[in-house]
Structure formats: structure tokens, C-alpha cells
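Worksheet for the structure shown next.
There are 2 protein chains.
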Amino acid sequence: MTDRSYLGEFELMILLAVLHLGDEAYGVPISRELERHRDRDVSVGSVYAALERLEAKSLVTSTLGDPTPERGGKAKRYFRVTKEGLRQVSETRRILTRLWKQLPELKGEPS
Amino acid sequence: MTDRSYLGEFELMILLAVLHLGDEAYGVPISRELERHRDRDVSVGSVYAALERLEAKSLVTSTLGDPTPERGGKAKRYFRVTKEGLRQVSETRRILTRLWKQLPELKGEPS
DNA sequence: CATTAGTTCAATAATAGCGAAGAAATGGGA
DNA sequence: TCCCATTTCTTCGCTATTATTGAACTAATG
């Protein structure tokens, strides 16, 4: 029962980005989405590495799409979050929310 | 400016536990608190390792208390979250909350 | 000096991250 | 028409940082 392994911060954000992007969830936009939220550079390499870990843990699946008729329209690898992936996102959210709730001094913005 | 390094999941939870425990924040209870929230074993070794990383990053400070007059009443090492530590907790919270808000399908409990 | 509560150590696995190389597509000029 | 420069996207190799465990060590008391 090693499946209690918690989502890392980065993996969690990737799952959220994939969920958010829906049908357009492939490497580049996922990476862009992450950059938008954390404000720091996010190299695509690190995104793919995390996606591979997530796929190995069956938290996402990937399917190869068709090439599109445009410059550089190489076939994309699309990702989807699995049921189990969704479960872990929810669980992490539940736990963190619970922990945060206990902290009145964090309710407002810190000065 | 490497200070954008995000809190790992575990480090975040430790900071939250330290905040929560206040004056009683030392190794063993921190470890117990974590075990209560994640439901998995948390070895004290991993807690100390993370606390040391956090101290190296100036997100917590530690001070050695006095021995207490009881069996095994060895002096404890108490931890406190620094201002910067608090800031990072808040920021992580802000980012994750924002990401979660975008996901209506996670609002309710997943079936 | 056995026991208890607490901390440190050593070693390993897993996660995060980066930059460059590789692959597959199109568009344009000779 | 054929290359090939360019574009978009994925894979690879490598390093750094985090997470984790189990066992050893320290300092106190009964």
C-alpha cells in the first residue's frame, strides 16, 4: 500500500493544469499554464519529466493525436487525468484546506 | 534570485504543523501532528531533515530549551516559523487556492 | 544502569529542474 | 520540384533538491 505517496507540489500543479486545459492538454500549453501561475520559468523538460512520473503512477494517461496541417504541426501527445489522479488531487486539496483552516493568522493577507 | 523555490509538499505541512503547535513545536509532536493529517507513518528522521532544510533556508529558526525534570526530559529543540516562512506559506496557499477555484468539478466531493 | 524522550546521522529513493538534441511537420526560394 | 530553414513539439542526459527510513547517539530520571 504505497499509494499514499503524496503528490509533490509540482505534480499537483501539473494535474490541475491538465484538468484545466481539458482537450488542449499537451506539453507546451501545460508548461505555459504553469508559468502563468507560479511566477517563474518552467522548462518543458521538467514538465514532461513530471508527466512521465504521473503516467507511471497511473495518475494521467496520454494518447498521441494526429498531425495538424500547419507549420511544425507535429502530432501532439495529449494528457488526461485518470480517476485516481482526480482522487489524489481532491485528497490533497482536502488535507491542505483542513490544515489552512486551523490558522486564523493566515486568514487575512500577511503584512 | 533563487528564492522562488517552491515549498515541497512535506515542507509546507511541516511549516503548518509548527505554526499550529506554537510553543510546543519540537520534533516529536510535529511528527505526530503530521501523521494525524496525512494518514501514513512519518518517521521523525524525515521531519528533522526537513526542519534542517527549512532552517537553512531561513524559513524556521530553532532554539534549545531547558531540560525538564522527568524521565528522558532531555532539552528540546523548539522551532518557530520566520516571517519569510509565513510569507511562503501564504503564497503557496494563494496559488493553490486560485488553481482550485478554477475547477468547478472539484467543488463537490468526487464520487 | 535500564529506560525514556528526544535528536542526529548515513544512506537511498523520489521529485524537480535545465539545456540541448531529436522528430515531424510546412513553406518558400532556387 | 527539391531542399532546407523554420516551427512546434517531444525526448534525453544530467544535476540538484526533497523525502524517507532505520539505526545510532545523547541526556535525562528512577
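Here the protein sequences come in this chain order: A and B. Everything in the first sequence is counted per my numbering, starting at 1 for the first residue and increasing by one. Everything in the second sequence is counted per my numbering, starting at 1 for the first residue and increasing by one. We treat Cβ as the ideally placed atom computed from N, Cα and C, and that holds for glycine. Being a predicted model, the structure only gives us computed values, none of them experimental.
Asked, Found
"Could you compute how far the alpha carbon of residue 17(B) sits from the alpha carbon of residue 12(A)?", "20 Å"
"Look at the alpha carbon of residue 142(A) and the alpha carbon of residue 57(A), and state the distance between them as a whole number of angstroms.", "Outside the shown range of chain A, which is 1 to 111, sits residue 142(A), and nothing can be said about it."
"Establish whether the CB of residue 7(A) and some CB of chain B are separated by less than 8 Å.", "yes"
"Does the stretch 90-101 of chain A come close enough to the stretch 26-45 of chain B that 3 or more CB-CB pairs lie under 8 Å?", "yes"
"Please identify the residue among 30(B), 22(B), 66(B), 72(B) whose C-alpha is closest to the C-alpha of residue 14(B).", "30(B)"
"Please look up how many angstroms separate the CB atoms of residue 27(A) and residue 42(A), rounded, as I've assumed it's under 8 Å.", "The Cβ separation is near 11 Å, so there is no contact."
"How about residue 9(A) and residue 51(B): are their beta carbons less than 8 Å apart?", "no"
"If the cut is a Cβ gap below 7 Å, which residues of chain A does residue 95(B) touch?", "37, 38"
"Note down, in chain order, every chain B residue with its Cβ under 7 Å from the Cβ of residue 102(A).", "20"
"Grouping DSSP H, G and I as helix and E and B as strand, with all else coil, what is residue 1(B)?", "Per-residue confidence for residue 1(B) stands at a pLDDT of 30, beneath the threshold of 50, marking its modelled position as unreliable; the derived number appears in the next sentence. If DSSP states are grouped into helix, strand and coil, residue 1(B) belongs with coil."
"What are the boundary residues of the alpha helix (DSSP H) that residue 64(B) is part of?", "From DSSP, residue 64(B) is part of no alpha helix (DSSP H) but of the beta strand (DSSP E) over 60-64."
"Rank 78(B), 54(B), 65(B), 74(B) by C-alpha distance to the C-alpha of residue 114(B) and give the top, closest one.", "Missing from the structure shown is residue 114(B); chain B here goes from 1 to 111 and no further."
"Taking DSSP's pairing of strands, which residues face residue 81(B) in a bridge?", "60(B)"
"For a test of the three-state rule: what should DSSP assign to residue 108(A), helix, strand or coil?", "Caution is warranted here: a pLDDT of 46 is assigned to residue 108(A), below 50, making its placement in the model unreliable, and no coordinate value can be reported."
"Return the CA-CA distance between residue 81(B) and residue 19(B), expressed in angstroms with no decimal places.", "7 Å"
"Measure the alpha-carbon distance for residue 60(B) versus residue 69(B) and round it to whole angstroms.", "27 Å"
"In angstroms with no decimal places, state the Cα-to-Cα distance between residue 24(A) and residue 91(A).", "25 Å"
"In terms of residues, what are the limits of the alpha helix (DSSP H) holding residue 27(A)?", "27-37"
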